[in-house]
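Peer 1: Under this note's numbering, the letters of the sequence shown match residues 6 to 173, in that order.
Yeah, the Cβ is synthetic: ideal placement off N, Cα and C, and Gly gets one too.
Before I ask anything, let me first share the structure, which is written out below as C-alpha cells.
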Amino acid sequence: MSARILIAILLMGLWPSARATEVATPFKVRRLEINARQELNVYKDPSMFLPDLGEIHADPLTGWETLMENTPLLTTVQGPVCFLQLAAATPFKNFGLVSYLYQLADSRLKSPVTAAAFGESTPMIVPVQLCGESAYSDSLGFVLEEDLKAVQQARAQSGLPPSVDGTP
C-alpha cells in the first residue's frame, strides 16, 4: 500500500511540470508570389527519402540502387510562381547520407563536413511549399537562399528603363 501512495505522490508532483509550454517563433509563414525571370530549382523535402533509407537498411544493394534512381530535384519553375515560405533560411545540414544525393544534383549542396573540406561555407536553404494551380501544388521542398535572392533581385531590376525626357 505504501508503494502506491509513493507513486501517487510522485505523479502528483510531476503533474504541474508536465504541462505543455508554448513555443514562440519569430518567423511567420510568408506567401511569396514572384515572376521568376530565370529558372529556380525546387528540391524535394528530405523526408521523401526516408522509405529509401529503410530499404538500404534491409537490403543495401537494392536500397542504394533505388535511392540513386530518385532525383532530389522536385521541379524547376520559371514565370509566375507562388510559394509559402515555411521558415527562415537555415543551413543545409542534418541530411546524413542523403546529402550526397543532393550534391550530385547541385554541387553547391554540400554537407557541412564536405563544404569545410573544400573551404566553403554551408549553403543556406529556405523551406517552401508550392502553391497555386500546378501539378506540384502543396508539395514540400526547399530552394537555395542565394537562388531565391537572385530571382527576387532580377524581378526588382526589371522595372521601366530610366526616362530620357528632360522634364521631371
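(1) For the alpha helix (DSSP H) that residue 58 lies in, which residues bound it at each end?
(2) Which same chain residues, not among the five before or five after residue 54, have their C-beta less than 6 angstroms away from its C-beta?
(3) Measuring CB atoms only, is the region 149–160 touching the region 127–138, in the sense that at least three cross pairs come out at less than 8 angstroms?
(4) Just curious, the alpha helix (DSSP H) that residue 117 is in, first and last residue?
(5) Return the first residue and the last residue of the beta strand (DSSP E) that residue 86 is part of.
(6) If contact is defined by three or more beta carbon pairs under 8 angstroms, each pair taking one atom from either stretch, is the region 117–129 in contact with the region 62–77?
(7) Going by beta carbon distance, what residues of the same chain come within less than 7 angstroms of residue 16, once the five residues before and after it are set aside?
(8) Which word fits residue 41, buried or exposed, when buried means at least 16 other C-beta atoms lie within 10 angstroms of its C-beta?
(9) Consult DSSP for residue 159 and reduce its assignment to one of helix, strand or coil.
(10) Can you round the beta-carbon distance between residue 44 and residue 87 to whole angstroms, since I take them to be within the 8 angstroms contact cut?
(11) For residue 143, count the other beta carbons within 10 Å of its own beta carbon; 16 or more makes it buried, fewer makes it exposed. Which is it?
Peer 2: Quick answer:
(1) 55–63
(2) 103
(3) yes
(4) 117–122
(5) 78–90
(6) Taking 8 angstroms as the limit for Cβ pairs, the verdict is that the region 117–129 does not touch the region 62–77.
(7) Its pLDDT being 49, under 50, residue 16 is placed unreliably in this model, and the value from its coordinates should be taken loosely. Cβ neighbours of residue 16 beyond the five flanking positions: none.
(8) buried
(9) helix
(10) Residue 87 and residue 44 do not touch by the CB rule: their CB atoms are close to 16 angstroms apart, not below 8 angstroms.
(11) exposed
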